[in-house]
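Chemist: In the working numbering, the protein residues as written are 7 to 119.
Glycine residues also receive a C-beta, built at the ideal position from the N, C-alpha and C atoms.
Got a structure for you, questions after.
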C-alpha cells in the first residue's frame, strides 16, 4: 500500500477548488463565495449565511416578477414561471439541508459519552 503525500492532497484540493470557481464564474455566479478563513477553508456559518441570502434574493426576484406580471407590466409568463420554480427549488433545498443538519445534531446528541 502506498503512503499518502499531504502536499499532493493539498495540491489536488487547490486544483479542484480553482476549477469549481472557474465553473461558477462561467455560470455567472462568481463573486458570491464566502471568504476563506486562515486555514483556507470557508467558515461554515458564513457559507450557510451566503446560501440563505441567495435563496432570499431569488424569492424576492420571483415575487417581483410575479407582481410585474399581475400588474400587466410584462407578458412573458414563461420567465415568471421559471423564476418561481427557481425560488421554489431553492426553498426546498434549504429545507432539506436544515432537516439533514437537525438529524445530524440529534445523532450527535444521542451518542453515548
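Roughly how many angstroms separate the alpha carbons of residue 111 and residue 92, rounded to a whole number?
Modeler: Cα to Cα, the separation comes out at about 29 Å.
Chemist: In whole angstroms, what is the alpha-carbon distance linking residue 96 and residue 61?
Modeler: Distance between the alpha carbons of residue 96 and residue 61: 6 Å.
Chemist: I need the boundaries of the alpha helix (DSSP H) containing residue 63, first residue and last residue.
Modeler: That run of the alpha helix (DSSP H) goes 50 to 77.
Chemist: Can you round the beta-carbon distance between residue 90 and residue 68 to whole angstroms, since I take them to be within the 8 Å contact cut?
Modeler: So it is a contact: roughly 5 Å between Cβ atoms.
Chemist: In angstroms with no decimal places, state the Cα-to-Cα distance between residue 32 and residue 70.
Modeler: Near 26 Å, if we compare the C-alpha coordinates of residue 70 and residue 32.
Chemist: Rounding to the nearest angstrom, what Cα-Cα distance links residue 106 and residue 117 in this structure?
Modeler: One C-alpha to the other measures close to 17 Å.
Chemist: What are the boundary residues of the alpha helix (DSSP H) that includes residue 115?
Modeler: Element bounds for residue 115: 83 to 115.
Chemist: So, helix, strand or coil for residue 33, using DSSP?
Modeler: The answer is coil: DSSP assigns residue 33 none of H, G, I, E or B.
Chemist: For residue 25 and residue 15, I'd like the C-alpha separation in whole angstroms.
Modeler: Between residue 25 and residue 15, the C-alpha separation is close to 15 Å.
Chemist: For residue 11 and residue 30, I'd like the C-alpha separation in whole angstroms.
Modeler: If you take the alpha carbons of residue 11 and residue 30, they lie about 29 Å apart.
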